[in-house]
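Engineer: The numbering used here applies: residue 40 is where the sequence shown begins, and numbers increase by one.
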Amino acid sequence: MKRIIFSFALILGLVIISSCSKEEYEAYKLVFDDKEFETPDWTESTHAKGAEPDYQEVFNDYEVKRLDFVISKERWQGMLDDMENTYGAFGAGSGRPGLIETEENPIFVPGDVYYQGKQWYRVGLRFKGNSSLQSSWQNGILKLSFKMDFDEFEDEYPQIENQRFYGFKKFSLKNNYADASMMREKVANDIFRKAGVAASHAAFYTLYIDHGDGPAYFGLYTLVEEVDNTVIKTQFSDDDGNVYKPDGTGASFAAGTFTQSEFEKKTNEDEADWTDIKNLFTALHADTRTTIPAVWRNDLEAVFDTETFLRYLAVNTTIQNWDTYGRMTHNYYLYNNPSNNLLTWIPWDNNEAFQSGKNGGSLALNFSDLSTSSWPLIGYLYADPVYKARYDALLLEVINGPFNPNTMSALYTTYANLIEPFATTERSCATFLSSPASFQAAVAALRSHVEARALAVQSYL
């Protein structure tokens, strides 16, 4: 498909060139006439597809590493023009109520990535995000999140076929939107994994971008592992199953809301089969839930990994992660694990965790503020005595284990000392900090939060 699109682009380009001035033609060449290059930094362990993901190198917990993007001036301007066409002038404010709805992602452009003295060639780079992307752009903050895909342009540049970054094909490079502590995304993912829930690895990185005038500091970012790439490959015994990224009304699992398009397939896209999702809807809303609960649980557990979901729910509610299922119909994945044929819950996009929240706030531990019919995966399971008892037990595991106040206080101190020099020196045009002091205030708030949540769980139990 990429070859077809690019061939069409070349044909269209030739038509455009035929009517261009000499100056416009030369500018066009600067963008597209870069096919001839060598790859001297390419090694099997750093660039090749066959390399195993090197987590120690890429996701080091106790080091802030640096990435450099080099993007031609013309391509960078194209990225900005694309954003302006979608979201309006940079820094102009929203000027309209609600989010601007668009089904198109920002454009990918090829750029070179440098890390530890090595170069990765013609990497696909684009801005990413939804409300956070719009808000950052409209408020004049150029610290935008990025998607990185190392072989996105392999059809155009055969030299980079199956290019990888230490075994990884793609990443999200997140801008720590509205997070003055700049550590929520990383800490939340770590807690989920320690609690036995598959979740992305994350690490702190600084980003510099050279778009024609030399490298400029774009701030402290969080590099996040992609679910449909290495999370499935390394945290499950079989990576051939369906990966879904739900978004939309149907992603609430409310009765009668299933819509195929709202369960976007990230793997096995050519197989037009959503039977596994439909089976979950059927089992969840079966009449046996109220008439023969044991049969209902048995049928539900035949298609859905309820243990993993309850573990996820215990963590998510304890840490107060509101921007996901229960308040929002997005920010999670489902994986149909071939080893047990169960749909398994995977959390995603946790930068809003560790706070009471917006848009109604985080859910109460007893879900007294939840509409069961609107969010049945939570409401129905919590209403069942067997599942409720398991959820209650898991809450205690969370505060005694991965979210223990003493452990977390020490971790927050370690991370704060590590990242403060990079967080508090961000440029005014590329930061969410109101002042350097707001960083330490946010860290103090995290310490107070974990203490309060441990008390809240104990009170609930």
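For every residue, glycine included, the Cβ atom is placed at its ideal position computed from N, Cα and C.
Only counting the same chain, and skipping five residues up and downstream in sequence, which positions put a Cβ closer than 8 angstroms to that of F292?
Structural biologist: Within the same chain, F292 has close Cβ partners L319, F320, L323, W414, P415, L416.
Engineer: Per DSSP, what kind of secondary structure is E75 in: helix, strand or coil?
Structural biologist: E75 falls in the coil class under three-state DSSP.
Engineer: For F204, name the three-state secondary structure that DSSP assigns.
Structural biologist: In this structure, F204 counts as strand in the three-state DSSP scheme.
Engineer: Is the distance from the Cβ of Q198 to the Cβ of D80 below 7 angstroms?
Structural biologist: Taking 7 angstroms as the Cβ cut-off, Q198 and D80 do not qualify as a contacting pair.
Engineer: Residues in the same chain with beta-carbon distance under 6 angstroms from K88, minus the five sequence neighbours each way, listed in chain order, please.
Structural biologist: Once the five neighbours on either side are set aside, the close Cβ partners of K88 are N201, R203.
Engineer: Using CA coordinates, which residue listed in K317, V266, V334, N337 is at the minimum distance from T306?
Structural biologist: Considering only alpha carbons, the answer is V266.
Engineer: Can you say whether R466 is buried or exposed, counting buried as having 16 or more other CB atoms within 10 angstroms of its CB?
Structural biologist: Classification of R466: exposed, given that the 10 Å Cβ count is below 16.
Engineer: Can you tell me whether I458 is buried or exposed, with buried defined as 16 or more other CB within 10 angstroms of its CB?
Structural biologist: The residue in question, I458, is buried, as its Cβ has 16 or more Cβ neighbours within 10 Å.
Engineer: Hey, how far is the Cα of P474 from the Cα of Y260?
Structural biologist: According to the sequence as given, residue 474 is Ser; it is not Pro. Taking the straight line joining both Cα atoms gives about 18 angstroms.
Engineer: Which residue comes first and which comes last in the beta strand (DSSP E) that contains K88?
Structural biologist: First-last for K88: undefined, no H or E at that position.
Engineer: Rounded to the nearest angstrom, what separates L183 and D326 at their Cα positions?
Structural biologist: C-alpha separation (whole angstroms): 47 angstroms.
Engineer: Between the alpha carbons of H488 and Y371, how many angstroms are there, rounded?
Structural biologist: Looking at the two C-alpha atoms, the distance is approximately 24 angstroms.
Engineer: Rounded to a whole number of angstroms, what is the C-alpha to C-alpha distance between A238 and R232?
Structural biologist: Using only the alpha carbons, I get a separation of about 6 angstroms.
Engineer: For S220, report the span of its alpha helix (DSSP H) as first-last.
Structural biologist: Per DSSP, S220 belongs to no alpha helix (DSSP H) and is neither H nor E.
Engineer: Relative to the C-alpha of L373, which residue among G156, G130, W387, R366 is closest?
Structural biologist: Answer by Cα proximity: W387.
Engineer: Is R366 helix, strand or coil when you go by DSSP?
Structural biologist: Looking at R366 - three-state DSSP - the assignment turns out to be coil, as it is neither helix nor strand.
Engineer: Rounding to the nearest angstrom, what Cα-Cα distance links F147 and M118 in this structure?
Structural biologist: Going by the C-alpha atoms only, they are around 8 angstroms apart.
Engineer: Do A217 and F471 have their C-beta atoms within less than 7 angstroms of each other?
Structural biologist: Result yes, Cβ atoms of A217 and F471 sit closer than 7 angstroms.
Engineer: Whose CA, out of N380, Y421, Y364, T273, lies closest to the CA of G400?
Structural biologist: Measuring from the Cα of G400, the nearest candidate turns out to be Y364.
Engineer: Span of the alpha helix (DSSP H) holding L382?
Structural biologist: First-last for L382: 381-386, but that is the beta strand (DSSP E), not the alpha helix (DSSP H).
Engineer: Since S211 sits in a beta bridge, which residues does DSSP pair it with?
Structural biologist: Its beta-bridge partners are K186, V263.
Engineer: Assuming V282 and D315 make a contact with CB atoms under 8 angstroms, what is their CB distance in whole Å?
Structural biologist: Actually they do not touch by this definition, with Cβ atoms about 11 angstroms apart.
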